[in-house]
Each structure stands twice: as C-alpha cells, then as structure tokens.
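Numbering (the numbering used here), first residue to last: 5 to 519.
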Ligand SMILES: Cc1ncc(C[n+]2csc(CCOP(=O)(O)OP(=O)(O)O)c2C)c(N)n1
Ligand SMILES: [Mg+2]
C-alpha cells in the first residue's frame with residue numbers, strides 16, 4: 005500500500021468521509037486512492053477558497069471535520085482567506101496540502117514555496133509527512149488535532165513521494181480530545197457577581213449560542229435578572245421558535261457602546277471582550293464601559309454547557325420556559341427592504357433550514373423579524389474576510405447530507421469572490437437557495453469613508469460602484485448550471501422562494517435592492 009492510500013484508509017477509520025478538493029500533480033496518488041477505498045465523498049471546488057470555505061461550512065453543520073485537498077503552497081494561498089475565517093469560526097478541518105517530492109524540493113521548481121509558512125498562519129496543528137510509512141500515523145494525529153474542542157485547522161503537508169512510495173500503514177483513530185476542564189473558581193465568581201444585583205450581561209459566543217446552552221443561560225437570566233446577548237461574531241447560532249430571541253452586539257461602534265453602556269459586569273461565555281472590527285479616529289476600540297468588570301466563565305476551549313449547568317445549579321435557578329416569539333411574520337409586498345426580506349424569509353423558510361448570512365450592510369436587522377420563524381440554524385461570517393458565504397452554504401448543505409434547505413443571504417460584492425461555489429452546488433445537486441442581494445455596490449464601504457474621516461471624490465466613490473458593467477447574476481448562475489430568476493418586488497421574491505424550496509436542487513434569486 006502506498007502512503008496516499010494509507011492516508012485515505014486512516015481518514016475513513018477516523019470518521020472523515022468527505023474530501024473537498026482542488027487537486028494538482030502532487031495530489032494524483034491521493035485522488036487515485038479515492039477510487040480504491042470506498043466511502044470517501046469527494047467534492048470538487050473550482051478555486052481553493054471555495055474548497056476551504058466548504059470545509060468550514062461542513063464542520064459547522066456536520067459537527068465533524070472533512071478533509072481538504074489543496075495543491076502546493078500557491079493552492080493553499082488561494083484558500084487562506086477562508087481558512088482564516090474557519091480559524092475564527094473554530095471549525096475543525098483536516099487541511100491536506102500536496103507538495104513537491106522531498107528530493108525535488110531543493111531544486112526550486114516553479115511551484116515550490118514555503119508551504120509550512122503559509123500554513124502556519126491559520127493552523128492550530130501542522131506537520132509535514134516525510135515518508136510513506138509515517139503518513140497513516142500523521143493522518144490519525146491530524147484528525148485528532150482537528151477535533152480539539154471546539155475545533156481547529158490541522159494542516160498535513162504531503163510531499164508527493166510520501167504519497168506514492170510503498171510502505172503505507174493504516175492507523176486506528178486516536179481518542180477524541182476532551183474540552184479543557186471548567187474552572188470552578190470562574191463559576192463561583194460568576195455566581196457572586198450575579199447575586200450582587202448590579203447590571204450584568206452574559207455575553208454568549210461559540211457553542212454557548214446553541215440550543216442547550218441557550219436554555220441554561222435563560223434559566224440563569226430568569227433567576228438573576230442578568231441580560232443575555234450574543235457576540236456580534238458567532239459561527240453558528242440556533243434560532244427560531246423554541247430558541248432564545250437573542251440579539252447580537254451591534255456592528256457599529258456607536259451602537260455597540262450604547263448597547264453595552266449600562267453593564268457593570270460582563271460575563272464572557274466563550275466570548276472575547278467586545279471590540280470594534282476596526283479603530284476609528286476619536287472612537288474607543290473597546291465597546292464596553294471603561295469601568296465595567298469582565299469575567300471569563302468559559303474560554304472557547306471549555307465546554308459552556310457544562311459551565312452554565314454548574315452555574316445554574318449553584319444559583320438554584322429553576323427550569324424556565326423559553327419565551328414564545330409571537331406570530332410568524334407574513335410575506336411582504338412592494339419594493340424590497342431589509343425588514344421585508346427578513347419577514348418574508350421568516351414566513352416561508354422550511355423547518356430546520358440553515359441560513360448562511362453574508363448579507364453585509366443589508367442584514368444588520370434580520371434577527372428582529374426572524375425570531376418567530378421555525379427552528380433553524382444561522383451561520384455568520386466570523387473572520388471578516390468576505391467571500392465565505394457561498395462556500396460555507398455549499399459545505400453546510402453537504403454537512404447536512406442534502407436533507408436540509410440552505411438559504412444564502414448573500415451580498416453581491418462578497419459573492420463575486422467565490423462564485424464558483426454555484427457550480428459545485430449544481431454538480432452535487434444540493435438544496436441551496438441563494439438570495440443574491442444585488443445593490444450593485446460595495447455599499448458598506450460608502451459609510452466607512454465618513455467613519456474613518458476620509459473625503460471621497462469621484463475616483464474614490466467609483467471604487468465602490470459595481471454597476472458598470474452591470475453584473476448579471478441570473479446569467480452567471482445559469483452559466484454554472486444553476487437555475488435563476490430576477491425579482492424586483494417582494495411578491496416576486498416570495499414566489500421564487502416558494503418554488504425553490506419545493507425543488508431538490510440549487511436556485512438563485514437575484515433580488516434587485518437599492519443601495
Ligand atoms: C477578503 C476581503 N477583502 C476585502 C474586504 C473589504 N470589504 C469589506 S466589505 C466590502 C464590500 C462588500 O460589498 P457587498 O458584499 O456587495 O456588500 P454591501 O456592502 O453592498 O452590503 C469589502 C470590499 C474584506 N472585508 N475582506
Ligand atoms: Mg453590494
């Protein structure tokens with residue numbers, strides 16, 4: 005058995021059965037091994053940032069890592085922005101990068117690069133396998149590392165001779181790592197703070213915004229009067245009926261400062277102290293009050309469910325029913341607005357849908373009108389590197405085994421970074437509905453000129469205009485095998501949503517919105 009085959013067999017034994025790939029010469033033996041070992045689903049992405057973004061979306065929904073297959077340093081470099089986003093999302097990925105044969109590397113052939121240096125920027129674990137006999141062992145170690153709670157990127161660099169040489173050994177899975185132990189002192193501190201009767205916020209992020217943790221946080225909130233909020237950046241939030249009506253800390257510094265002003269104490273549950281995405285002249289970098297006290301209940305590598313459960317018990321917080329979100333909104337009509345889109349989405353989304361939100365400026369208020377939708381999962385862009393929304397949606401559909409509708413709320417400028425995702429959606433016949441928000445603009449950046457104190461002239465404004473030539477999203481989608489139609493009104497959008505949700509394959513709705 006060669007090294008490549010031992011890797012595929014080891015991955016399968018360790019439960020990794022999906023590979024997102026964009027292969028080259030140095031990965032040919034790995035790809036060939038996929039035909040010799042049954043059980044690995046191999047999904048082609050036509051640009052590496054699509055591949056890595058799909059692996060991120062897959063992990064968020066499947067709850068287990070997929071592997072990638074990338075080609076040498078440059079292929080990895082193409083995938084880095086979405087690996088950055090995946091690192092921020094704390095998604096587990098077995099990131100496999102094929103590379104030059106060990107003896108060919110010193111000859112400095114054209115595709116030779118410092119692959120390890122590129123990988124180090126995003127990887128929690130990194131290893132280069134130097135011999136076929138090591139590949140199975142390293143593969144099992146990579147899966148174990150990717151599963152380090154709550155997930156991380158484990159990069160395995162595979163020189164081509166380690167792939168093609170004989171002597172490969174299949175390895176058994178290594179034990180799944182446990183979360184780091186919860187600190188009893190942090191539970192007691194939180195309990196003391198919560199009993200003091202001051203203004204306390206439990207700021208939830210990571211696994212603390214999923215259903216089980218939400219229910220515990222609600223008990224604590226009901227028993228103590230503490231407020232609950234979600235961090236602005238959360239990879240995966242459980243929402244809709246039966247879940248909390250959580251709001252996020254606002255994106256804008258002014259609004260965030262306003263929202264957090266009243267809190268004397270902020271208890272961080274998987275969250276970091278809230279800071280702005282950027283600094284702005286004359287504005288604070290941190291969004292909480294200067295004299296507010298911050299307390300860590302759990303770091304991201306600790307289990308928030310266990311910690312919240314211990315805290316609820318210490319406080320003797322009785323069970324508390326999750327509040328009813330009220331009537332389900334109705335389909336809206338007339339010219340599109342963000343609120344109308346949110347209502348229409350809440351009115352029509354099927355049970356157990358997944359929303360991939362890269363709506364950028366359009367989606368700041370989507371939460372308010374979607375609390376009374378059926379239960380669903382909402383995925384955000386966590387690392388701020390745009391171009392994640394469509395790949396994450398595509399990987400999420402695969403992570404859900406094609407059984408759940410995935411709805412992308414997708415801004416146009418961001419979509420252009422990784423639009424090849426649509427082709428993979430068509431090829432894999434995935435239940436993806438993309439609502440493409442075509443405002444023909446990098447609209448969010450218009451306001452940023454003012455916020456940073458820059459004065460835009462016509463050239464500067466032109467850098468944010470996508471209207472000339474007009475990008476035809478229906479034609480782009482059709483060209484990649486995805487059915488599409490344009491909507492100018494909410495009625496048209498709603499009709500297209502209904503028909504798309506009833507069809508098994510992908511569909512793109514190009515919603516013409518104002519800037
Ligand atoms: C990888 C990366 N490149 C560039 C940016 C800077 N950037 C932030 S938002 C944005 C434009 C977003 O436009 P669009 O997706 O159409 O959303 P809209 O602002 O119109 O709502 C750009 C270029 C970024 N965040 N990430
Ligand atoms: Mg736009």
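Here a beta-carbon is modelled for each residue, glycine too, at the ideal position from N, C-alpha and C.
Hey, is residue i close to ligand 1, as in C-beta under 7 Å from one of its heavy atoms?
i, result
"residue 448", "yes"
"residue 455", "no"
"residue 439", "no"
"residue 364", "yes"
"residue 256", "no"
"residue 389", "yes"
"residue 85", "yes"
"residue 418", "yes"
With a CB to CB cut of under 8 Å and the five nearest residues on each side skipped, what residues in its chain are close to residue i?
i, result
"residue 360", "61, 383, 393, 394, 396, 397, 400, 410, 411, 412, 413 and 414"
"residue 190", "299, 300, 301, 302 and 311"
"residue 68", "19, 20, 96 and 151"
"residue 228", "198, 199, 204, 319 and 321"
"residue 109", "103, 116 and 163"
"residue 494", "335, 336, 337, 338, 339, 340, 344, 345 and 348"
Quick one: does the C-beta of residue i sit closer than 7 Å to a heavy atom of ligand 2?
i, result
"residue 415", "yes"
"residue 443", "yes"
Counting C-beta neighbours from all protein chains within 10 Å, is the total for residue i 16 or more, i.e. buried, or is it exposed?
i, result
"residue 533", "In this structure the chain extends from 5 to 519, so residue 533 is not present and cannot be described."
"residue 320", "exposed"
"residue 283", "exposed"
"residue 107", "exposed"
"residue 52", "buried"
"residue 465", "exposed"
"residue 196", "exposed"
"residue 29", "exposed"
"residue 456", "exposed"
"residue 445", "buried"
"residue 143", "buried"
"residue 259", "exposed"
"residue 304", "buried"
"residue 355", "exposed"
"residue 192", "exposed"
"residue 342", "buried"
In the DSSP assignment, what are the bridge partners of residue i?
i, result
"residue 412", "360 and 438"
"residue 163", "103"
"residue 269", "204 and 297"
"residue 232", "206"
"residue 290", "279"
"residue 511", "437 and 487"
"residue 6", "170"
"residue 381", "242 and 358"
"residue 348", "Residue 348 is not bridged to any residue."
"residue 3", "The shown model of the chain, from 5 to 519, leaves out residue 3, and the question about it has no answer."
"residue 130", "159"
"residue 516", "442"
"residue 306", "184"
"residue 469", "445"
Can you name, in chain order, every residue of its own chain whose Cβ lies under 6 Å from the Cβ of residue i, other than the five neighbours on each side?
i, result
"residue 115", "76"
"residue 511", "437, 487 and 504"
"residue 433", "509"
"residue 498", "335 and 348"
"residue 290", "279"
"residue 92", "386 and 387"
"residue 339", "none"
"residue 408", "356 and 358"
Near residue i, which residues of its chain fall below 7 Å by C-beta distance, leaving aside the five closest residues on each side in sequence?
i, result
"residue 6", "33, 136, 167, 168, 169, 170 and 172"
"residue 447", "365 and 519"
"residue 450", "468"
"residue 329", "245, 249, 375 and 376"
"residue 124", "130"
"residue 482", "488"
"residue 314", "186 and 191"
If you pair each beta-carbon of the region 195–211 with each one of the region 160–173, do three or more pairs fall below 8 Å? no
Measuring CB atoms only, is the region 437–449 touching the region 100–119, in the sense that at least three cross pairs come out at less than 8 Å? no
Count the CB pairs spanning the region 218–226 and the region 347–359 that are closer than 8 Å, and state whether there are at least three. no
So does the region 131–146 actually touch the region 155–164, counting three or more Cβ pairs closer than 8 Å? yes
With three or more beta-carbon pairs closer than 8 Å as the criterion, would you say the region 271–279 touches the region 415–431? no
With three or more beta-carbon pairs closer than 8 Å as the criterion, would you say the region 34–44 touches the region 85–92? no
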